Amino acid sequence: MTAGAAVETVRVELANRSYDIIIGEGLLAHAGDYLAAVLTRPRVVIVTDKNVAGLHLATLRASLDRAGIATDAIIVPPGEGSKNFSQLEDLLDQLLTLRVERRDTIVALGGGVVGDLAGFAAAILRRGVDFIQMPTTLLAQVDSSVGGKTAVNASQGKNLIGAFYQPRLVLADISALASLPERELRAGYGEVVKYGLIDDFEFFEWLEDHGGELLSGDGAALRHAIAVSCRSKAAIVARDERESGDRALLNLGHTFAHALEVEGGYDGSLLHGEAVAVGLCMAFALSTALGLCSSQETDRVRRHLLAMGLPVGIEQINLPELTAATMVHHMLQDKKVIDGRLTFVLARGIGRTFIQKDVSEAAVKRMLAATAAVPAHE
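Letter 86 of the sequence shown, counting from 1, is numbered 94 in the working numbering, and no numbers are missing.
Quick look at the structure:
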C-alpha cells in the first residue's frame, strides 16, 4: 500500500506549536516526503534501539536519502532499562559529538522508551532542538508519542525527571506493528482501551466488538483505533498541555501501574501496557469500593481485558513480595500527589472518569487487600 492510501491526519492544536499526527500504512518508506515539509534544514539524527534498527532503519534512511535529507543514526539498548540518566548522558554525548545544531532535527524511531529518551534529549540539548516522533509500537502510536511528555526514570519512580516538549510531527506507520511480538501488541492494547474508559463509552463498545480484529493485525481496525485514541488525547492535550487539570485523566490506572513497574525493577518481566491493564482494573475496583461505580461495570472492564489476553490482577504478574504498604509507598512518588496526599483518576462508570484528590491511604490498602490479594504488610 502506498503512503497516500487510507491515511488519517489528527491535528494537535497548540497555537504556534501545533503539529500533525499522520496515521497510515507504508509511511516509513515515504518519510522523506513528510519530513521535507517540516525540517528547518535537511539534516536529522535518528535515535533508535537495536531491535528497531534491524527492522526499519534502512527503510527510513533510504527514504530520507531520496528526499535529500542527510542522516546519522544513534542506536541505544532496547528496553525500559535505557530510560535512565546514564543512557541520557551517553545519548547527549553522541549528539554533541555529531555536532548537532539547533536547526537540526532528532528523529525518535521506536517505542515509548526511545521516544521519551530522544524527546528529553532534544528538549535539553542546546536548550531545545526540534524532534519528530516515528512510533513503531501500538503503545507509542496511541499514547507516548503524542502530547509532548518526555522523561527518564529514577530509582524512586517512573518518568520523574523530564520535560513537556512537543514534537514537530508524529508519523505512525501501522505497517511497523506487523513486526511486533504478540505480547507487545497486546500490551499496547492496554493504552487503547483506556481512551474508551476515560470518556468514550461508544469506543469501548466498539473495542468489545472489534478488539480481536485489532490484535490480529487488521489494518482498518488498527487505523480506526489509533485515530480515535489520538483524537481523544489531542483534544485533552490542547485543553491542558502541562497537566494542570484535565490531562491527568490520561493517567487513568497509571498511578497503580507505575507503582507496579517500580516494584518490578524495569527488568522487562512486566511491560508498561500490562501494568496499565492491571492498573485500570484497580482504578475501577477502588471506584467501586468508594461507592462511585457499580461492581457490574468493574467486572465488565476486567472481562474485556481478560478476553484480550491481558492481566487484570496481581496474581497474573510476577511480584510475589508486593504488599499494599509498598504499593502506597511507591504511589506517593506519583506526579499527581498534592501536599503528600494521593490523587487518583476514578470512575462513575465506563466512559465517566474524574480526578479525585486526597484519597485516603487506608481506603487504597483496603481495596488492594480485598480485591487484588495484596497483603497489607510485609
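We put the CB at the ideal spot given by N, CA and C, even for glycine.
Keep in mind it's a predicted model, so treat the numbers as computed, not measured.
- Under the three-state reduction of DSSP output, Ile206 falls in the helix class.
- Rounded to whole angstroms, the separation of the alpha carbons of Ala45 and Pro319 is 42 Å.
- Rounded to whole angstroms, the Cβ separation of Leu96 and Met142 is 20 Å, and the two are not in contact under 8 Å.
- Following the DSSP letters along the chain, one finds Glu305 inside the alpha helix (DSSP H) bounded by residues 303-315.
- Counting along the chain, Val372 sits inside the alpha helix (DSSP H) bounded by residues 369-379.
- Between the C-alpha atoms of Tyr27 and Glu21 there is a straight-line separation of about 7 Å.
- A residue is called buried when at least 16 other Cβ atoms come within 10 angstroms of its Cβ; Ala370 does not meet this threshold and is exposed.
- Across the structure, Leu288 and Leu36 are spaced so that their CA atoms are roughly 33 Å apart.
- Val52 carries a strand assignment under DSSP once its states are collapsed to helix, strand and coil.
- Arg69: member of the alpha helix (DSSP H) spanning 66-74, first to last residue.
- For Gly165, no alpha helix (DSSP H) encloses it; the enclosing beta strand (DSSP E) starts and ends at 165-172.
- With fewer than 16 other CB atoms across the displayed protein chains lying within 10 angstroms of its CB, Lys58 is exposed.
- Sequence-distant Cβ neighbours of Ser277 in its own chain, meaning closer than 7 Å and more than five residues away, are Asn326.
- Residue environment analysis places Asp112 among the buried positions, since at least 16 neighbouring C-beta atoms fall within 10 angstroms of its C-beta.
- Fully contained in the region 327-355 is no beta strand (DSSP E) run of length 3 or more.
- Counting only residues of its own chain and dropping the five nearest sequence neighbours on each side, Gly204 has a CB closer than 6 Å to the CB of Phe211, Phe212, Leu215.
- For Asn24, the closest of Ala246, Thr379, Lys344, Gly261 by C-alpha to C-alpha distance is Ala246.
- Tyr27 is bridged by DSSP to Val20.
- Here Asp226 carries a coil assignment [DSSP, helix/strand/coil].
- In this structure, the alpha-carbon of Phe352 lies about 8 Å from that of Ala291.
- The criterion of a C-beta distance shorter than 8 Å is not satisfied by Val108 and Val84.
- Cβ-Cβ separation between Val15 and Ala235: approximately 10 Å, too far for a contact (criterion under 8 Å).
- By the neighbour-count criterion, in which 16 or more other beta carbons inside 10 Å mark a residue as buried, Phe93 falls on the exposed side.
- Here Glu282 is near Gly198, since their CB atoms are less than 8 Å apart.
- Residue Asp207 holds the alpha-carbon nearest to the alpha-carbon of Ala243 among Asp207, Leu117, Ala228.
- Around Gly170, the same chain offers Phe128, Thr158, Ala159 as residues with beta carbons nearer than 6 Å, after the five sequence neighbours per side are excluded.
- A straight-line Cα-Cα distance of about 37 Å links Leu43 and Gly273.
- By a beta-carbon distance limit of 8 Å, Val53 contacts Leu103. Their separation comes to about 6 Å.
- Membership of Gly62 in any alpha helix (DSSP H) is not indicated, and neither H nor E is assigned to it by DSSP.
- By the beta-carbon neighbour count (other beta carbons within 10 angstroms, threshold 16), Asp181 is buried.
- With three or more CB-CB distances shorter than 8 Å, the region 299-311 counts as touching the region 349-363.
- Taking all protein chains shown into account, Ser152 has 16 or more neighbouring C-beta atoms within 10 Å of its C-beta and is therefore buried.
- DSSP, reduced to helix, strand and coil, places Val46 outside both helices and strands of the structure shown, so it counts as coil.
- Counting only residues of its own chain and dropping the five nearest sequence neighbours on each side, Ile363 has a CB closer than 7 Å to the CB of Ala256, Leu257, Thr351, Val353.
- When DSSP states are grouped into helix, strand and coil, Ala14 belongs to the coil group.
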